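I have placed the structure first, in the form of structure tokens, so that the comments after it can refer back to it.
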Amino acid sequence: MNIYLCGYMGCGKSTVGKILAEKLSADFVDMDDAIEKFYNMTIPEIFSSFGEEGFRERETEICRLLSQRDSLIVACGGGAVLRKENVDIIKKGGKVVFLKVPEENLINRLRKDPTPRPVIQNKSDAEILEIYRQRLPKYLGAAQITVECGENPEENAELIISSLNKKL
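Read left to right, the sequence shown gives residues 24 to 191 (our numbering).
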């Protein structure tokens, strides 16, 4: 069984995912990194060359490939659950955990993060939060488990393990 971490950019999927993988003796995969390696292009290059729809198609292909493996902790891209097809694929292959973070924490994290994020490039805080609010029902709908995350990634990983144990 795989564990898929979903949530908005900046919620800590990669950071918590690495800790979780170590605690559960599983392999960690960052979906965006997997896309970049598989297609030999950066995410911004894919967006620039193929647009968001072209990126989403590639993301779906990576969802399929990862779902064929087992015992993975996968940090999904922030928009991976926007496609029902992706949600169906990942739910079939494991448990989906939504990392819910207070909005003000998301903004603070995104402003400090040097990672290029094409979806929010040149957007105001209000626009960034609007995108999050539009996506929130998708995150909640995809997740079998929702974890209210604080600022400590280690504690967030423990919350996920505790929640998973209750569900199993």
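All C-beta atoms, glycine included, are put in the ideal place defined by N, C-alpha and C.
Quantities reported herein were computed from a predicted structural model and do not represent experimental measurements.
Checklist line | Coil, strand or helix - Cys-29 by DSSP | finding: strand
Item checked: Proximity test, Glu-108 beta-carbon vs the ligand MN heavy atom, cut-off 8 Å -> As far as ligands go, the structure on display features none, and thus does not contain the ligand MN.
Margin query: Quick check: the region 57-74 against the region 126-133, are at least 3 beta-carbon pairs closer than 8 Å?
Written below: no
Item checked: Secondary structure of Val-39, DSSP reduced to three states -> helix
Checklist line | Distance, Arg-81 Cα to Val-119 Cα | finding: Computed Cα separation, rounded: 20 Å.
Next item on the list: Inspect the beta-carbon positions of Pro-176 and Glu-75 and report whether they are closer than 9 Å.
Entry: no
Next item on the list: Please confirm whether Lys-190 and Gln-157 have their CB atoms less than 9 Å apart.
Entry: no
Check: What residue ranges within the region 135-165 form continuous alpha helix (DSSP H) runs of no fewer than 4 residues, ordered along the chain?
Finding: 148-165
Check: Between which two residues does the alpha helix (DSSP H) carrying Glu-177 extend?
Finding: 176-190
Checklist line | Straight-line gap, Ser-37 to Ala-98 (C-alpha atoms, nearest Å) | finding: 5 Å
Next item on the list: Could you work out which residue in Asp-55, Ile-42, Asn-109 and Val-52 is closest to Leu-162 when comparing CA atoms only?
Entry: Note that residue 162 is Tyr in the sequence shown here, rather than Leu. Comparing Cα-Cα distances from Tyr-162 to each of Asp-55, Ile-42, Asn-109 and Val-52, the minimum goes to Asn-109.
Notebook entry, point to check: What is the residue span of the alpha helix (DSSP H) that Val-110 lies within?
Noted result: Boundaries of the alpha helix (DSSP H) around Val-110: 107-116.
Next item on the list: Hey, could you find the ends of the beta strand (DSSP E) Ala-98 is sitting in?
Entry: Per DSSP, the continuous beta strand (DSSP E) segment holding Ala-98 begins and ends at 95-98.
Check: Quick one: is Asp-50 buried, meaning 16 or more other Cβ sit within 10 Å of its Cβ, or exposed?
Finding: Exposed, by the Cβ-count rule.
Next item on the list: Would you check if there are 3 or more beta carbon pairs closer than 8 Å linking the region 27-34 to the region 90-105?
Entry: yes
Check: Quick one: what does DSSP say Val-52 is sitting in, helix, strand or coil?
Finding: strand
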